[in-house]
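Number of protein chains: 4
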Amino acid sequence: MIYRRRIQFYETDAQGIVHHSNYFRIFEESRGEFLRSVGIPYSKLREEGYEVVLLEAHCIFKQPIFYDQEVKVEVRLESLDKYFFWFSYNVFVEDSLKAVGKTKHCFVKNGKLVSIPQKLKSLLACQLDKET
Amino acid sequence: MIYRRRIQFYETDAQGIVHHSNYFRIFEESRGEFLRSVGIPYSKLREEGYEVVLLEAHCIFKQPIFYDQEVKVEVRLESLDKYFFWFSYNVFVEDSLKAVGKTKHCFVKNGKLVSIPQKLKSLLACQLDKET
Amino acid sequence: MIYRRRIQFYETDAQGIVHHSNYFRIFEESRGEFLRSVGIPYSKLREEGYEVVLLEAHCIFKQPIFYDQEVKVEVRLESLDKYFFWFSYNVFVEDSLKAVGKTKHCFVKNGKLVSIPQKLKSLLACQLDKET
Amino acid sequence: MIYRRRIQFYETDAQGIVHHSNYFRIFEESRGEFLRSVGIPYSKLREEGYEVVLLEAHCIFKQPIFYDQEVKVEVRLESLDKYFFWFSYNVFVEDSLKAVGKTKHCFVKNGKLVSIPQKLKSLLACQLDKET
């Protein structure tokens, strides 16, 4: 899936570029749109008592991003097993790759790790197929 | 009460100064230390089922604040009635006044406005006296 | 002008609602889109050596806003004189007014207060007329 | 080096825990104190025209951290060559390890990658020895 939005002034720092911590926020936004596009918005999962918990976050910053630039995030579901799933992110400004990231997640219900809900797993597995 | 801490890089923006939204975060920090100093840390109020809700926030920015500067916040309880209370904030770097703010709050329990808990009201009223 | 976008998870706090500091960031976003819609994106003003400096920020929070809700911001230029201008913001979720804010600004060039650039003043004054 | 500070309310999210993006901000704070403790505050490096640029950031989140908890960050310089250096971070609450992170950096002057300034390299190398 492709997620696009413009960089805000409050996301920059005194180096004049997007602060690195904000890339992880942009990843979260793109993940949210990915889930919505698959028909399972995170807000709905939360109503059903699930939390998606972030277990790992990684990012390689290749080139700075500046205020008012439009970023394009290619977000993909990379893998999925009984409990865990990974997303990957390629962040572009126009055709230039600015950053590459990945995050690992699981589902939690009532404070405990649970296997990925079956309905969701089918929908997600379908995305995995689509992308290969 | 006086609250001090150093400005972090992630609090700056591309103008090279502290982003205005972060002043309200520094106010929150100083408020937290104020409540702790009075013997009622906010985390403890939350365990008892109370939330402090913010109703208004105001700030006048007089001069910019820069990375690594140490800010000194004079935080005062300005007023207090059955339901509502106001804090005021003077933000200094060394002896230079950089910003002046105020915030209005109330207490909420089980999602409803409640009068300020009596124990807390006494402790707070005591601060009002001290400051006049 | 109307600015819309969805609330992100990272904008919420442990009260389960949008943290108050983030309203000022949403105001900034809406201001950016306002300037762009008038034909003077802030990034272009910065290339010409201007900074828009924020002098005051005020917000009254009427009701909480939650994750994944779509906010609609009515942003208006309220006043404009030789040096200073005010924006106002009404923040809605569907038809419910959640917050009311205003901010005061000026232009700075080479670190000094300057009168509002004439070209910009004409474009902005035009907006003032439109809204009355 | 050990860096300690308390978690603020604005750092939490609607899961009631510290938002993952903020760990990278806490890492930045601890890095800042590390450099200061070695006698080379980052603000001073910037006055000399250097920027420390972040190239990679990684974090494994082991257990959530909550509002008002005091985090203790063990920050270490892990490696250092002509151009690049890595920091590692162990984040504790009391004796419980909550997260493990690492970041890769380089120096930039006038927009170009430069070798690590010699004076700084000596001071940092000294830290490497101390820690092994």
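Residue numbers (the numbering used here), protein chains in the order written: chain A, 1 to 132; chain U, 1001 to 1132; chain P, 2001 to 2132; chain D, 3001 to 3132. No residue lacks a Cβ here, since even glycine has one placed at the ideal position from N, Cα and C. Since the model is a prediction, treat every value here as computed from it, not as a measurement.
Return the chain-ordered ranges of every beta strand (DSSP E) run that is complete within the region 2046–2092 of chain P and spans a minimum of 3 residues.
Taking only runs of at least 3 residues, the beta strand (DSSP E) segments lying wholly in the region 2046–2092 of chain P are 2050–2061 and 2070–2080.
Exposed or buried, serine 122 of chain A, counting other C-beta atoms within 10 Å across all chains shown (16 or more means buried)?
For this step, residue 122 of chain A is matched to residue 122 along the first sequence. Exposed, by the Cβ-count rule.
Is the CB of glycine 3111 of chain D under 8 Å away from at least one CB in chain P?
Here residue 3111 of chain D refers to the residue found at position 111 of the fourth sequence. No, because no Cβ of chain P sits closer than 8 Å to the Cβ of glycine 3111 of chain D.
Which residues in the same chain as phenylalanine 1085 of chain U place their Cβ atom closer than 6 Å to its Cβ, once the five residues preceding and following it in sequence are excluded?
The residue given as residue 1085 of chain U occupies position 85 in the second sequence. Correct list, in chain order: His1105.
Between the C-alpha atoms of isoleucine 1060 of chain U and valine 1100 of chain U, what's the straight-line distance to the nearest angstrom?
Position 60 of the second sequence, counted from the first residue, corresponds to residue 1060 of chain U. Position 100 of the second sequence, counted from the first residue, corresponds to residue 1100 of chain U. Near 5 Å, if we compare the C-alpha coordinates of valine 1100 of chain U and isoleucine 1060 of chain U.
Chain A beta carbons: is any one of them nearer than 8 Å to that of serine 2043 of chain P?
In the third sequence, counting from the first residue as 1, residue 2043 of chain P sits at position 43. It does; some Cβ of chain A falls within 8 Å.
List, in order along the chain, the chain U residues whose C-beta lies closer than 8 Å to that of phenylalanine 3009 of chain D?
Position 9 of the fourth sequence, counted from the first residue, corresponds to residue 3009 of chain D. Per Cβ cutoff of 8 Å: Glu1028, Gly1032 and Tyr1042.
Report the rounded CA-to-CA distance for isoleucine 1175 of chain U versus proline 1117 of chain U, giving the unit in angstroms.
Not covered by the structure: residue 1175 of chain U. The range shown for chain U is 1001 to 1132.
Can you tell me whether histidine 3020 of chain D is helix, strand or coil according to DSSP?
Numbered from its first residue, the fourth sequence carries residue 3020 of chain D at position 20. Residue state, collapsed to three classes: helix.
Would you kindly report the start and end of the unbroken beta strand (DSSP E) that includes glycine 2101 of chain P?
Here residue 2101 of chain P refers to the residue found at position 101 of the third sequence. Looking at the DSSP string, the run of the beta strand (DSSP E) that includes glycine 2101 of chain P is 2096–2109.
Can you list, in chain order, the residues of its chain whose CB lies under 7 Å from that of leucine 128 of chain A, leaving out five sequence neighbours each side?
On the first sequence, position 128 is the one that residue 128 of chain A refers to. The answer, listed in chain order, is Leu77 and Leu80.
Mind checking asparagine 1110 of chain U: buried by the 16 CB within 10 Å criterion, or exposed?
Your numbering for residue 1110 of chain U matches position 110 in the second sequence. By the 10 Å Cβ count, asparagine 1110 of chain U comes out exposed.
On the CB-based measure, 16 or more other CB atoms within 10 Å of its CB, does tyrosine 2083 of chain P come out buried or exposed?
Mapped onto the third sequence, residue 2083 of chain P falls at position 83. Exposed, by the Cβ-count rule.
Quick check: the Cα distance between aspartate 3095 of chain D and glutamate 94 of chain A, rounded to an integer number of angstroms?
Counting from one through the fourth sequence, the residue named residue 3095 of chain D turns up at place 95. Counting from one through the first sequence, the residue named residue 94 of chain A turns up at place 94. Their backbone Cα atoms lie some 47 Å apart in a straight line.
Between cysteine 3059 of chain D and chain A, is the shortest Cβ-Cβ distance under 8 Å, so that the two count as touching?
For the purposes of this step, residue 3059 of chain D is taken as residue 59 along the fourth sequence, with counting starting at 1. Answer yes: the Cβ-Cβ gap between cysteine 3059 of chain D and chain A drops below 8 Å somewhere.
Which whole-angstrom value is the C-beta distance of tyrosine 2089 of chain P and phenylalanine 2009 of chain P, which I expect to be below 8 Å?
Along the third sequence, one-based indexing puts residue 2089 of chain P at 89. Along the third sequence, one-based indexing puts residue 2009 of chain P at 9. The Cβ separation is near 22 Å, so there is no contact.
Can you name, in chain order, every residue of its own chain whose Cβ lies under 8 Å from the Cβ of valine 1071 of chain U, other than the five neighbours on each side?
Counted from its first residue, the second sequence places residue 1071 of chain U at position 71. Counting only Cβ-Cβ distances below 8 Å, and skipping sequence neighbours, we find Arg1004, Arg1005, Arg1006, Ile1007, Ile1026, Ile1065, Val1091, Phe1092, Val1093 and Lys1098.
Mark glutamine 3063 of chain D as exposed unless 16 or more other C-beta atoms lie within 10 angstroms of its C-beta, in which case mark it buried.
Position 63 of the fourth sequence, counted from the start, is the residue given in the question as residue 3063 of chain D. Glutamine 3063 of chain D comes out exposed.
Exposed or buried, isoleucine 17 of chain A, counting other C-beta atoms within 10 Å across all chains shown (16 or more means buried)?
As a position in the first sequence, residue 17 of chain A is number 17, starting the count at 1. With 16 or more Cβ atoms within 10 Å of its Cβ, isoleucine 17 of chain A is classed as buried.
Name, going along the chain, the residues of the region 2116–2132 of chain P whose beta-carbon falls closer than 8 Å to a beta-carbon of chain D.
none
Suppose you measure from the CA of glutamate 3074 of chain D to the CA of leucine 3035 of chain D; what does that come to, to the nearest Å?
As a first step, residue 3074 of chain D must be located in the fourth sequence, where it is residue number 74. As a first step, residue 3035 of chain D must be located in the fourth sequence, where it is residue number 35. Each residue's Cα considered, the two are about 14 Å apart.
Can you list the residues of chain D that glycine 2016 of chain P reaches, using a CB-CB cut of under 7 Å?
The residue given as residue 2016 of chain P occupies position 16 in the third sequence. Within chain D, the residues near glycine 2016 of chain P are Ala3014.
Comparing the C-beta of aspartate 3095 of chain D with each C-beta of chain U, is any distance below 8 Å?
In the fourth sequence, residue 3095 of chain D corresponds to position 95, counting from 1. Chain U, which has no Cβ nearer than 8 Å to the Cβ of aspartate 3095 of chain D, makes this no.
In chain D, which residues lie less than 7 Å from tyrosine 1067 of chain U when you measure between Cβ atoms?
Residue mapping note: residue 1067 of chain U aligns to position 67 of the second sequence, counting from 1. Per Cβ cutoff of 7 Å: Ser3043.
Please list, in chain order, the chain U residues whose beta carbon lies closer than 8 Å to that of tyrosine 3025 of chain D.
Counted from its first residue, the fourth sequence places residue 3025 of chain D at position 25. One point to set straight first is that residue 3025 of chain D is arginine, not tyrosine, in the sequence displayed. The contacting residues are Gln1008 and Tyr1010.
Would you list the one or two residues that DSSP bridges to valine 1114 of chain U?
Within the second sequence, numbered from 1, the residue matching residue 1114 of chain U stands at position 114. In DSSP, valine 1114 of chain U forms a bridge with U/Phe1107.
Between serine 79 of chain A and chain D, is there a C-beta pair that is closer than 8 Å?
Within the first sequence, residue 79 of chain A is the residue found at index 79, counting from 1. Answer no: the Cβ-Cβ gap between serine 79 of chain A and chain D never drops below 8 Å.
Am I right that glutamate 3051 of chain D and glutamine 15 of chain A are in contact with their C-beta atoms under 8 Å? What's the rounded C-beta distance?
Locating residue 3051 of chain D in the fourth sequence gives position 51, where the first residue counts as 1. Locating residue 15 of chain A in the first sequence gives position 15, where the first residue counts as 1. Right, the Cβ-Cβ distance comes to about 6 Å (below 8 Å), so this counts as a contact.
In three-state terms, what does DSSP make of isoleucine 2040 of chain P?
Translated into the one-based positions of the third sequence, residue 2040 of chain P becomes position 40. Isoleucine 2040 of chain P: coil per DSSP, three-state reduction.
For histidine 3020 of chain D, decide whether its Cβ has a neighbour in chain A, counting only Cβ atoms nearer than 8 Å.
In the fourth sequence, the residue the question calls residue 3020 of chain D occupies position 20. It does; some Cβ of chain A falls within 8 Å.
Using a threshold of 8 Å, state whether the C-beta atoms of histidine 20 of chain A and histidine 3058 of chain D are closer than that.
By one-based count along the first sequence, residue 20 of chain A stands at place 20. By one-based count along the fourth sequence, residue 3058 of chain D stands at place 58. Their beta carbons are not under 8 Å apart, which means histidine 20 of chain A does not touch histidine 3058 of chain D by this criterion.
Hey, could you find the ends of the beta strand (DSSP E) tyrosine 2010 of chain P is sitting in?
If you number the third sequence from 1, residue 2010 of chain P lands on position 10. Note, tyrosine 2010 of chain P: premise wrong, no beta strand (DSSP E); not H, not E.
So glutamate 29 of chain A and methionine 1 of chain A are supposed to be a Cβ contact under 8 Å. How far apart are they, rounded?
The residue labelled residue 29 of chain A in the question sits at position 29 within the first sequence. The residue labelled residue 1 of chain A in the question sits at position 1 within the first sequence. Glutamate 29 of chain A to methionine 1 of chain A, Cβ: 12 Å. No contact.
Just to confirm my understanding: we take tyrosine 23 of chain A, look at its own chain, exclude 5 residues before and 5 after, and list those with CB closer than 6 Å. What are they?
Counting from one through the first sequence, the residue named residue 23 of chain A turns up at place 23. So the list reads Cys59 and Ala99, once near-sequence residues are dropped.
Since proline 2002 of chain P sits in a beta bridge, which residues does DSSP pair it with?
Locating residue 2002 of chain P in the third sequence gives position 2, counting from the first residue. Here the sequence assigns isoleucine to residue 2002 of chain P, which means proline is not the residue at that position. In DSSP, isoleucine 2002 of chain P forms a bridge with P/Glu2074.
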